[in-house]
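Visitor: Note that the protein sequences, when read in sequence, are chains A and B. When you read off a place in the first sequence, starting at 1, and then add 277, the result is the number in this note's numbering. When you read off a place in the second sequence, starting at 1, and then add 277, the result is the number in this note's numbering. Just so you know, even glycine gets a beta-carbon here, dropped at the ideal spot from N, CA and C.
Protein chains: 2
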Amino acid sequence: MRIIDDRREGYLEVLSTLFPHSGRAYVVGITGNPGAGKSTLVDRLIENYRASGKKVGVIAVDPTSPFTGGAILGDRIRMQRHFLDPNVFIRSLATRGHLGGLSRSAGDVIRVLDAFGCDVILVETVGVGQDELEVTRMAHTTLVIVPPGMGDDIQAIKAGILEIADVFAVNKADREGADSTVRDLEQMMSLGHEVSSVTRGHSAAGSHVKAERKAGEPWRPPVIKTVAVKNEGVADVIRACEEHRKYLETTDDGQRKALSRATEELHAIFRDALLTAAESRAKAALEDALKRSLSRTTDPYSSSAEIVRGLLAGEF
Amino acid sequence: MRIIDDRREGYLEVLSTLFPHSGRAYVVGITGNPGAGKSTLVDRLIENYRASGKKVGVIAVDPTSPFTGGAILGDRIRMQRHFLDPNVFIRSLATRGHLGGLSRSAGDVIRVLDAFGCDVILVETVGVGQDELEVTRMAHTTLVIVPPGMGDDIQAIKAGILEIADVFAVNKADREGADSTVRDLEQMMSLGHEVSSVTRGHSAAGSHVKAERKAGEPWRPPVIKTVAVKNEGVADVIRACEEHRKYLETTDDGQRKALSRATEELHAIFRDALLTAAESRAKAALEDALKRSLSRTTDPYSSSAEIVRGLLAGEF
Chain A
278 MRIIDDRREG
288 YLEVLSTLFP
298 HSGRAYVVGI
308 TGNPGAGKST
318 LVDRLIENYR
328 ASGKKVGVIA
338 VDPTSPFTGG
348 AILGDRIRMQ
358 RHFLDPNVFI
368 RSLATRGHLG
378 GLSRSAGDVI
388 RVLDAFGCDV
398 ILVETVGVGQ
408 DELEVTRMAH
418 TTLVIVPPGM
428 GDDIQAIKAG
438 ILEIADVFAV
448 NKADREGADS
458 TVRDLEQMMS
468 LGHEVSSVTR
478 GHSAAGSHVK
488 AERKAGEPWR
498 PPVIKTVAVK
508 NEGVADVIRA
518 CEEHRKYLET
528 TDDGQRKALS
538 RATEELHAIF
548 RDALLTAAES
558 RAKAALEDAL
568 KRSLSRTTDP
578 YSSSAEIVRG
588 LLAGEF
Chain B
278 MRIIDDRREG
288 YLEVLSTLFP
298 HSGRAYVVGI
308 TGNPGAGKST
318 LVDRLIENYR
328 ASGKKVGVIA
338 VDPTSPFTGG
348 AILGDRIRMQ
358 RHFLDPNVFI
368 RSLATRGHLG
378 GLSRSAGDVI
388 RVLDAFGCDV
398 ILVETVGVGQ
408 DELEVTRMAH
418 TTLVIVPPGM
428 GDDIQAIKAG
438 ILEIADVFAV
448 NKADREGADS
458 TVRDLEQMMS
468 LGHEVSSVTR
478 GHSAAGSHVK
488 AERKAGEPWR
498 PPVIKTVAVK
508 NEGVADVIRA
518 CEEHRKYLET
528 TDDGQRKALS
538 RATEELHAIF
548 RDALLTAAES
558 RAKAALEDAL
568 KRSLSRTTDP
578 YSSSAEIVRG
588 LLAGEF
């Protein structure tokens, strides 16, 4: 993987060669704010997938700083017990301070793990920002983990999570506030749909609203209660993900999502290739533009437009 | 602002014209996870800055989805009371689903508010992801708001926040766990520095570690306890920001930061201009590449390389 990680000479050829061998893995994006118990749940998902004989890839995307490139380790210690399992591939991935660098790198690693024969690839990200959106757009199914008792704060994240969630897990469901968090999530979803009249029981972990979706109806993300530390509800999460996968495989929605994943991937690769090549060719011009910007001789908008014009005219 | 927001014909000329009139405002980036009480504190900061006669600009960056473009409103309601104040400019800003689009847009709006004569511009973002990093790199001073009682979870965000924070506010400091959160933050910072022997008192909101920095020593982010709902500690936060501003104005660190802000800005503008122009010129080629990628005839790495080569040779 070194050649891919470091983007050494020839890494594009490697990815290009792996391409025909990829496309089989099922990619699950997993996101949620710090404190939701995400890594514990991921750890349990690995365990459950392994128990059913699946080869599992895990990509842990770190909200690292481009300043130091340092990664979060503490949070990932729980996963350590899987490091010795030859059928679990765990890769930590840090942003490189390059716009779009994260989704590009995640895409590369997904490609490699896929070609290596992983049945399931879990991509874990933190929070709901642009990073997460880019990454989850590469996933077939996105699992959003919510801690109980978010109360008013759930408002603050709802716009983001409702858009990306295919499955919700309300984790730490044995704590106070879990039921009301489940209710809140369902209420939010009802705003966009008819309120379902299905009787709902939320007492035990793992209980969730049966989608009762009829053919042709859009997917409605199930809300599942989990207690990851006790391995409760985790099998239900996997079941819900599988249901979503089947939904994608048999509907126009799935077709659309496949198209949008391919588009997203192509554009991420294209942008990265373009910016890398262009910034290298225009290095001197950009340095000059910076000087003129600092001395306030030429504004950065005019300089940039001029450089772009030259680049696309083949002058660099 | 419409012309800037929508990037209508001529908006680059407008920004270019405003450029010489900008460069005076003091930009404070404010970040923290949902639940930290960020908007309440921002509301109080506006109030305090207004009380001292400053003209205040506020840019509220929303973690919106590129899917709908929808913005979070609930969280911003607290700010409403400032909407009628002619010396407060509040702009909500959503990402546009374009890589780097957020930092580019934020930069444009900062430019406009700056040229309009705002003394202070508060840029509020949610969470600590790539978005936040981009945006905070445009700020002179970055204030990170942390809720009390993060406990173990603070580990999960530490890599990100320690890198970007110039000032910490432990908000809701009247709740349980505030003192230990202050201790945790300081302990983390001590790992990179000598442990200071200054006696510390953390009992009241507003109390904070006096930096006691000698000339030539690097900036060490003060940790300030606040209770934003009661307006406690808010003046101390403003004071700490002012101290940081003075630090920047008188040190090499400040020079470096100014250079890196200008570089960041130029590159954001350049990348945006390049991607916009290139994707428009290569539209047909990209569509063709997508088809070949879906039919698995040509992999996206090879197609992208080919398109980039053509673009930079002036063939499109």
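Hey, could you find the ends of the alpha helix (DSSP H) Glu598(A) is sitting in?
Guide: The structure shown does not extend to residue 598(A), since chain A is modelled only from 278 to 593, so the question has no answer here.
Visitor: Give a yes or no on whether the C-beta atoms belonging to Ile422(B) and Ala383(B) are separated by under 8 Å.
Guide: No.
Visitor: What's the call for Asp529(A), buried or exposed, on a 16-neighbour Cβ count within 10 Å?
Guide: With fewer than 16 Cβ atoms within 10 Å of its Cβ, Asp529(A) is classed as exposed.
Visitor: Assign Ala555(B) to one of two classes, buried (16 or more other C-beta atoms within 10 Å of its C-beta) or exposed (fewer than that).
Guide: Label assigned to Ala555(B): buried.
Visitor: If you measure from the beta carbon of Ser293(B) to each beta carbon in chain A, is any gap under 8 Å?
Guide: Yes, Ser293(B) counts as interfacial toward chain A.
Visitor: Kindly say whether Pro343(B), judged by its beta-carbon, lies nearer than 8 Å to any beta-carbon of chain A.
Guide: Note that Pro343(B) scores 37 on pLDDT, short of 50, meaning its location in the model is unreliable; the coordinates nonetheless yield the value given after this. Yes, Pro343(B) counts as interfacial toward chain A.
Visitor: DSSP three-state call for Ser329(A): helix, strand or coil?
Guide: It is coil, neither helix nor strand.
Visitor: Is DSSP giving Gly531(B) helix, strand or coil here?
Guide: Three-state result, Gly531(B): helix.
Visitor: Among Glu509(A), Gly493(A), Val514(A), which has the Cα closest to the Cα of Val500(A)?
Guide: Of Glu509(A), Gly493(A), Val514(A), the residue nearest in Cα terms is Val514(A).
Visitor: Where does the unbroken beta strand (DSSP E) through Leu420(A) begin, and where does it stop?
Guide: From DSSP, the beta strand (DSSP E) with Leu420(A) extends over 418-423.
Visitor: Listing by chain order, which chain A residues have their CB less than 9 Å from the CB of Val585(B)?
Guide: Correct list: Phe547, Ala550, Leu551, Thr553, Ala554, Ala555.
Visitor: Using a beta-carbon distance below 8 Å, is Pro591(B) in contact with chain A?
Guide: The sequence given here places Gly at residue 591(B); Pro does not occur at that position. Gly591(B) counts as touching chain A.
Visitor: Is the CB-CB distance between Leu567(B) and Leu543(A) below 8 Å?
Guide: Their beta carbons are under 8 Å apart, which means Leu567(B) touches Leu543(A) by this criterion.
Visitor: Taking the CB atoms as reference points, tell me whether Thr413(B) and Gly306(B) lie closer together than 8 Å.
Guide: For Thr413(B) and Gly306(B), yes; Cβs fall inside 8 Å.
Visitor: For Ser581(B) and Ala550(A), which I take to be in contact (beta-carbon distance under 8 Å), what is that distance rounded to the nearest angstrom?
Guide: Going by Cβ atoms, the distance from Ser581(B) to Ala550(A) rounds to 5 Å, so yes, they are a contact pair.
Visitor: With distance defined between alpha-carbon atoms, name the residue in Lys534(B), Arg516(B), Lys560(B), Ser579(B) nearest to Ser329(B).
Guide: Looking at the Cα atoms, Arg516(B) is the closest of the given residues.
Visitor: Relative to chain B, which residues along the segment 523-544 of chain A have a C-beta separation below 9 Å, given in chain order?
Guide: Correct list: Ala535, Leu536, Ala539, Thr540, Glu542, Leu543, His544.
Visitor: With 16 other CB atoms within 10 Å as the buried threshold, where does Phe360(A) fall?
Guide: The residue is exposed, with fewer than 16 neighbouring Cβ atoms inside 10 Å.
Visitor: Which residues, taken in chain order from the segment 562-577 of chain A, show a beta carbon closer than 7 Å to some beta carbon of chain B?
Guide: From the segment 562-577 of chain A, only Leu563, Ala566, Leu567, Ser570, Leu571, Arg573, Asp576, Pro577 have a Cβ closer than 7 Å to chain B.
Visitor: Tell me whether the beta-carbon of Pro495(A) lies closer than 8 Å to the beta-carbon of Arg452(A).
Guide: Cβ distance not < 8 Å, so Pro495(A) and Arg452(A) don't count as in contact.
Visitor: By how many angstroms is the C-alpha of Val338(A) removed from the C-alpha of Ile398(A)?
Guide: C-alpha separation (whole angstroms): 13 Å.
Visitor: Any beta carbon of chain A sitting closer than 8 Å to that of Asn448(B)?
Guide: Chain A, which has no Cβ nearer than 8 Å to the Cβ of Asn448(B), makes this no.
Visitor: Can you grab the Cα-Cα spacing for the pair Leu295(B) / Cys395(B), in whole Å?
Guide: Whole-angstrom Cα-Cα distance: 13 Å.
Visitor: Can you tell me whether Ala337(B) is helix, strand or coil according to DSSP?
Guide: Looking at Ala337(B) - three-state DSSP - the assignment turns out to be strand.
Visitor: Rounded to whole angstroms, what is the Cα-Cα separation between Glu520(A) and Ile336(A)?
Guide: Taking the straight line from one Cα to the other gives about 22 Å.
Visitor: What does Ser582(A) reach in chain B if we use C-beta pairs closer than 8 Å?
Guide: Sequence check: residue 582(A) is Ala here, not Ser. In chain order: Leu289, Ala550.
Visitor: Tell me Phe360(A)'s beta-bridge partners as DSSP assigns them.
Guide: Paired residue(s): none; Phe360(A) is not in a bridge.
Visitor: Rounded to whole angstroms, what is the Cα-Cα separation between Asp352(A) and Ile281(A)?
Guide: Here the model assigns Asp352(A) a pLDDT of 45, short of 50, so the residue's position is not dependable and the matter cannot be decided.
Visitor: Report the option in Arg522(B), Phe366(B), Ala302(B), Ala539(B) whose CA atom is closest to the CA atom of Glu324(B).
Guide: Checked all of Arg522(B), Phe366(B), Ala302(B), Ala539(B); the closest Cα to Glu324(B) is Phe366(B).
Visitor: Beta-carbon separation of Leu571(A) and Asn448(A) under 8 Å?
Guide: No.
Visitor: Could you work out which residues of chain A lie near Arg558(B), taking near to mean beta carbons separated by less than 8 Å?
Guide: The answer, in chain order, is Leu589.
Visitor: Can you tell me where the alpha helix (DSSP H) with Lys502(B) in it begins and where it stops?
Guide: Premise fails: Lys502(B) lies in the beta strand (DSSP E), 500-502, not in any alpha helix (DSSP H).
Visitor: Does chain A have any CB closer than 8 Å to the CB of Ser457(B)?
Guide: With 8 Å as the cut-off, Ser457(B) does not count as an interface residue toward chain A.
Visitor: Would you list the residues sitting across from Ile307(A) in a DSSP beta bridge?
Guide: Answer is Glu401(A), Leu420(A).
Visitor: Can you grab the Cα-Cα spacing for the pair Ser579(B) / Lys560(B), in whole Å?
Guide: For Ser579(B) and Lys560(B), the distance between alpha carbons rounds to 17 Å.
Visitor: Less than 8 Å separating the beta-carbons of Ala293(B) and Asp565(A)?
Guide: Sequence check: residue 293(B) is Ser here, not Ala. For Ser293(B) and Asp565(A), no; Cβs fall outside 8 Å.
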